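Data block below; observations after.
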Amino acid sequence: MAKRSSIEKNNLRKRLTAQYKNRRDNLRAIFRDKDLPAEERYAAMAKLSELPRNSSKTRVRLRCELSGRPRGNYRKFRLSRIALRDLGLQGMVPGLTKASW
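If you count the sequence shown from 1, you need to add 60 to reach the numbering used here.
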């Protein structure tokens, strides 16, 4: 089980990402528009850099929903490899069977 503080920190990042999503997208669109004057694009970049760092989508870490494990996760199931194997052996994941040949 991961530390509770790590899980909560990641949840805060998810909330901030959702909160600032529209603002970040608008500023990024202004910054990438080559038709606008350089001063306006630079101002958009400055405003973008003033936003909280944790509001960036790339700072959110994919963690297991059950254990909070940060590594070895399957995006489709949002579970770590260990938790997925345990649930699969119990028959809790539809369509997942243990391979045997």
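By construction, the Cβ of each residue, glycine as well, lies at the ideal position given by its N, Cα and C atoms. For clarity, every value in this text was computed on a predicted model and none was experimentally measured.
Proximity of residue i and residue j at Cβ, strictly below 9 Å
{"i": "SER239", "j": "PRO130", "result": "No information on residue 239 is available, as it lies outside the stretch 61 to 161 that the chain covers here."}
{"i": "ARG73", "j": "SER115", "result": "yes"}
{"i": "TYR134", "j": "SER140", "result": "yes"}
{"i": "GLU125", "j": "ALA104", "result": "no"}
{"i": "VAL120", "j": "ASN86", "result": "no"}
Span of the alpha helix (DSSP H), counted from its first residue to its last, around residue i
{"i": "MET105", "result": "98-110"}
{"i": "GLY148", "result": "141-150"}
{"i": "ASP85", "result": "64-92"}
8 Å contact criterion, which residue i and residue j should meet: CB distance rounded
{"i": "LEU108", "j": "PHE91", "result": "7 Å"}
{"i": "LYS136", "j": "GLY148", "result": "13 Å between Cβ atoms; not a contact."}
{"i": "LEU111", "j": "TYR80", "result": "6 Å"}
Sequence-distant residues of the same chain with beta carbon closer than 6 Å to residue i, five excluded per side
{"i": "ARG101", "result": "PHE91"}
{"i": "GLY132", "result": "SER140 and ARG141"}
Chain-order list of residues whose beta-carbon lies under 8 Å from that of residue i (same chain, five-residue window excluded)
{"i": "ASP93", "result": "ARG101"}
Contacts around residue i, its chain only, beta-carbon distance under 7 Å, and the 5 residues preceding and following it disregarded
{"i": "LYS117", "result": "THR77"}
{"i": "ARG113", "result": "ARG119"}
{"i": "LEU156", "result": "GLY148"}
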